[in-house]
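S.K.:
There are 2 protein chains.
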Amino acid sequence: MARKGKMMEERHQKIMKYLVDYQLTNQYSPSIREIGDHIGVKSTSLVDYYLRQLTEMGYIDRDERVSRSIRILREYNGDRQGNVRSIQYSRQDVLSFPVLGRIVASEPIPVPGSDLAYFDSESSVEIPRKMLAGHGKESDLFVLEVSGDSMVDAMINDGDKVVFRQANKASNGDMVAVWLANNEETTLKYFYNEGSRIRLQPANPTMQPIYINDPKQVRIMGKVVMVIRNL
Amino acid sequence: MARKGKMMEERHQKIMKYLVDYQLTNQYSPSIREIGDHIGVKSTSLVDYYLRQLTEMGYIDRDERVSRSIRILREYNGDRQGNVRSIQYSRQDVLSFPVLGRIVASEPIPVPGSDLAYFDSESSVEIPRKMLAGHGKESDLFVLEVSGDSMVDAMINDGDKVVFRQANKASNGDMVAVWLANNEETTLKYFYNEGSRIRLQPANPTMQPIYINDPKQVRIMGKVVMVIRNL
DNA sequence: AATATATCAGAACAATTGTTCACAGTCAAG
DNA sequence: CTTGACTGTGAACAATTGTTCTGATATATT
């Protein structure tokens, strides 16, 4: 049975906290000597000793003979029970999307790559890459802000940011942005191809679907990948 | 006017791409010699020369005499016009929230810190810290998943993740989760204190508000900070 | 033609940094 | 009491790494 000195646990915790803080401010890891200074240990060997333990415990990861190569693998939570998980924070890959424009019901959706000149929008939307997993190529994604109450039946509110994926066809069940040539408007609906006709189902279950018999009336502009409402 | 050799632009681009790739796989920056090897430059001085240029151009940032301290400030886009902004990706602070439970209209909202035993939920929601700016202390935030169609009038759908901030009072205009003692249900509404009565306004503008005269009937559980719908 | 910048190598240097070894005191368990 | 893990220092070493200097050629601008 591995005994535990009173220093050890405290040191482990202090080191882990230091690593997180340091990486958050500097974007890279501290050197062994910097760690030693911070936790009040004068020999690099003792720091190395603790780092080896933390590695073995699976908290960190290092590359041999590479300076400042400590990676934080998980948050330190000592011996506490694992069933109350707190908010963790870490550095992850974040995609930053410029908000290209607004969805207006009476206009087709502007799509990147078209000859429209986009001005640099001040606003952008940040989304962790992890959250977009399984949504295909990232370069196909773009973000629009919803203007007005025209999308209420899609459960989308004024000011919401909608992440789209460029597409000109859709599978059943996808929420899509479609341009209805007849009505001259853009709308967000769930898409169902029922063979003889296309059914566009509002997200709000109390509302009735739209049926369209002529496929040419429906132009799919993109699939809705994510909706973000920041209050 | 600064002239530009044909190599320069290509090198800058190559270096920036390498930095991004390297950081993505290793979580730390390459050394100058590693960069040199990769772009086919045998002297460290030339690499340093390019890195100084990139620093001056505002693409990267370094700390003097610190190994592997290159920070990527923005994505390299060369001389392209600035009005078509592409998706950028970088490493940022991300908060990872465990999804604590589900909102069910017929039950009060579970709040972290209560004596409920939370099991480790597999699902978590990642949100860049930047997106949560101005929402108060991060430790007061928690996430619930919406179950069923009970929140449709709040423009919130089955499966949506809702970020709450713990609160027991609200300002006018806040979207809040309230427990209505009378009806024995939780609901999400916009909150307005009109002096003699409390008005709870559905997000859907076509729906009618609820008026409550007895403040004791209304228990505020939390404010809605963000809604995320991942399709 | 003269000048400035871009391009490039090589070396030397100093600083930072990871690794390892020797040594030693404390303390709990077998 | 011996063993082994914990706690700790100090030094020495080697490797990595950033910095700087010399020197050289090329190329476009003035």
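Chains as they are written, first to last, in our numbering: chain W, 81 to 311; chain G, 81 to 311. Think of the CB as a built atom: it goes at the ideal place given N, C-alpha and C, for glycine as much as any other residue.
(1) So, at 7 angstroms on beta carbons, what are the nonlocal neighbours of Ile300/W in its own chain, with the 5 sequence-adjacent residues on each side left out?
(2) Just to confirm before moving on: does the CB-CB distance between Tyr169/G and Arg209/W stay below 8 angstroms?
(3) Pick out the complete beta strand (DSSP E) segments inside the stretch 227-261 of chain W, 3 residues or longer, and give them in chain order.
(4) Just the C-alpha distance for Leu134/W and Ser176/G, rounded to the nearest angstrom, thanks.
(5) For a quick check, are the C-beta atoms of Arg309/W and Val307/G less than 8 angstroms apart?
(6) Which residues does DSSP pair with Asn310/W in a beta bridge?
(7) Using only alpha-carbon positions, find the residue among Glu225/G, Ser227/G, Ile207/G, Gly275/G that is nearest to Glu218/G.
(8) Rank Gln107/G, Asn106/G, Thr105/G, Glu89/G by C-alpha distance to the C-alpha of Leu131/G and give the top, closest one.
(9) Starting from the beta carbon of Lys210/G, find every residue of chain W whose beta carbon is closer than 7 angstroms, and list them in chain order.
(10) Check this for me: beta carbons of Tyr329/G and Ser109/W, under 8 angstroms apart or not?
(11) Terminal residues of the continuous beta strand (DSSP E) containing Asn273/W?
(12) Give a yes or no on whether the minimum CB-CB distance between Tyr102/G and chain W is below 8 angstroms.
(13) State the Cα-Cα distance for the pair Phe222/G and Asp101/W, rounded to the nearest angstrom.
(14) Does the beta-carbon of Gln288/W have 16 or more other beta-carbons within 10 angstroms, so that it is buried, or is it exposed?
(15) On a CA-only basis, which of Glu225/G, Asp220/G, Ile167/G, Arg151/G is nearest Thr105/W? Give me that one, please.
(16) Taking Leu175/G as the query, report the chain W residues whose CB atoms sit under 7 angstroms from its CB, ordered along the chain.
(17) Taking Cβ-Cβ distances shorter than 9 angstroms, what residues in chain G pair up with Ile95/W?
(18) Which runs of the alpha helix (DSSP H), 4 residues or longer, sit entirely within the stretch 86-162 of chain G?
(19) Taking just the CA atoms, how far does Asp294/W sit from Met81/G?
(20) Does Glu316/W get closer than 8 angstroms to chain G when you measure Cβ to Cβ?
(21) Work out the CA separation of Tyr139/W and Val127/G for me, nearest whole Å.
(22) Please report whether the beta-carbon of Arg309/W lies at a distance below 8 angstroms from any beta-carbon of chain G.
(23) Three-state secondary structure (DSSP) at Asp173/G?
(24) In chain W, which residues lie less than 9 angstroms from Glu218/G when you measure between Cβ atoms?
(25) My assumption, with CB atoms under 8 angstroms, is that Val205/W sits in contact with Lys241/W. Please give the rounded CB distance.
(26) What three-state label does DSSP hand Arg182/W in the structure shown?
(27) Using 10 angstroms around the beta-carbon of Thr124/G, count the other beta-carbons present and answer buried if the total reaches 16, otherwise exposed.
(28) Listed in chain order, which residues of the stretch 274-303 of chain W have Cβ atoms closer than 9 angstroms to some Cβ of chain G?
(29) Does the beta carbon of Tyr108/W come closer than 8 angstroms to any beta carbon on chain G?
(30) Is Gln281/G helix, strand or coil when you go by DSSP?
(31) Decide if the stretch 259-278 of chain G is in contact with the stretch 269-276 of chain W; the criterion is three or more beta carbon pairs, one per stretch, under 8 angstroms apart.
(32) What residue range does the beta strand (DSSP E) around Ile292/G cover?
(33) Out of curiosity, what's the CA-to-CA distance linking Glu265/G and Arg277/W?
(34) Considering only DSSP beta bridges, list what Ser204/W is partnered with.
(35) Let me know if Asn237/G comes out buried or exposed under the rule of 16 or more other beta-carbons within 10 Å of its beta-carbon.
(36) Name, going along the chain, the residues of the stretch 133-152 of chain G whose beta-carbon falls closer than 8 angstroms to a beta-carbon of chain W.
M.R.: Quick answer:
(1) Ala247, Asn248, Lys249, Ala250, Val256, Val258
(2) Yes.
(3) 241-246, 255-260
(4) Across the structure, Leu134/W and Ser176/G are spaced so that their CA atoms are roughly 22 angstroms apart.
(5) Against a cut-off of 8 angstroms, the Cβ pair of Val307/G and Arg309/W comes out as a contact.
(6) Met306/G
(7) Ile207/G
(8) Glu89/G
(9) Glu206
(10) Shown here, chain G extends from 81 to 311; a query on residue 329/G therefore has no answer.
(11) 265-273
(12) In terms of beta-carbon proximity, Tyr102/G stays away from the interface with chain W, with every pair separated by 8 angstroms or more.
(13) 22 angstroms
(14) exposed
(15) Arg151/G
(16) Ile167, Tyr169
(17) Chain-ordered listing is empty here: chain G has no CB closer than 9 angstroms to the CB of Ile95/W, the nearest sitting near 17 angstroms.
(18) 86-106, 112-119, 124-136
(19) For Met81/G, the predicted structure reports a pLDDT of 41, less than 50, and the residue's modelled location is therefore unreliable. The matter cannot be settled from this model.
(20) Shown here, chain W extends from 81 to 311; a query on residue 316/W therefore has no answer.
(21) 34 angstroms
(22) yes
(23) strand
(24) Ile167, Tyr169
(25) 5 angstroms
(26) strand
(27) Exposed.
(28) Within the stretch 274-303 of chain W, contact with chain G at the beta-carbon level (separation under 9 angstroms) is assigned to Ala283, Asn284, Pro285, Thr286, Lys303.
(29) yes
(30) strand
(31) no
(32) It spans 290-292 - the beta strand (DSSP E) in which Ile292/G sits, taken as one unbroken run.
(33) For the pair Glu265/G and Arg277/W, the Cα-to-Cα distance works out to about 40 angstroms.
(34) Pro178/W
(35) buried
(36) Asp143, Val146, Ser147, Arg148, Ser149, Arg151
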